[in-house]
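Residue numbers (our numbering): 88 to 256. We put the beta carbon where it would ideally sit given N, CA and C, even for glycine. For clarity, every value in this text was computed on a predicted model and none was experimentally measured.
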């Protein structure tokens, strides 16, 4: 069985960071992804896809990305349900992220700070992430995180020169 999802889109609002009772970071966010076709009125259409990130990836997303930022998300679709306040069953569908790539500098969407693009990857292993409970059970075989202060190009002066011979295409 394969359950993989890859999305590229913009954040519809600032990511919402919270912590479970056991102190695990969780971040809910929605990505607007343009459709490849236009609607009947000729206007482009988009899908608004609910996502959730966990642990350090969640904290990085909340700290560095804001409404309007372009991001890439890789993960899996997870469905669930819970009983709403009115007693009716509420069904949920989320993309549980394994990897998030920040595809533009923070200052391009109105933030005053700038940073290089980097990737945050976590959430390997099995999970039980129904939103009302916020439970997490997984393994600890998580990749290391790339930190902004470890950027090898952070102190470079000016653009990096690349000849056409160096490009793979």
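Item to complete: Look up residue 144 in the DSSP assignment and say whether it is helix, strand or coil.
Response: DSSP places residue 144 in helix when its eight states are reduced to three.
Discussion item. Taking the alpha carbon of residue 155 as the reference point, which residue from 183, 143, 120 has its own alpha carbon closest?
Written reply: 120
Practice prompt. Round the Cβ separation of residue 115 and residue 157 to the nearest angstrom and send it over; I've been treating them as touching at under 8 Å.
Written response: Cβ-Cβ separation between residue 115 and residue 157: approximately 19 Å, too far for a contact (criterion under 8 Å).
Worksheet entry | Cβ shell of residue 95 (< 6 Å), same chain only, five flanking positions each side left out | 159
Item to complete: Look at the Cβ atom of residue 161, then the Cβ atom of residue 118, and state whether they are nearer than 8 Å.
Response: Here residue 161 is not near residue 118, since their CB atoms are 8 Å or more apart.
Fill in: Nearest-angstrom Cβ-Cβ length linking residue 104 and residue 149, presumed shorter than 8 Å
4 Å
Discussion item. Using the three-state DSSP reduction, which class does residue 156 fall into: helix, strand or coil?
Written reply: coil
Worksheet item: How many angstroms separate the CA atom of residue 199 from the CA atom of residue 140?
Response: Residue confidence for residue 199 is low, a pLDDT of 38 falling below 50, so the modelled location carries little weight and cannot support an answer.
Worksheet item: What residues are listed by DSSP as bridge partners for residue 137?
Response: 117
Practice prompt. Put residue 170 into one of helix, strand or coil per three-state DSSP.
Written response: strand
Discussion item. Please report the distance separating the alpha-carbon of residue 110 from that of residue 138.
Written reply: 20 Å
Practice prompt. Could you pull the start and end residues of the beta strand (DSSP E) that residue 94 belongs to?
Written response: 92 to 98
Worksheet item: If you run the structure through DSSP and keep just helix, strand and coil, what is residue 191?
Response: coil
Worksheet entry | Check whether residue 135 and residue 180 have beta carbons under 8 Å apart | In this structure, the beta-carbon distance from residue 135 to residue 180 does not fall below 8 Å.
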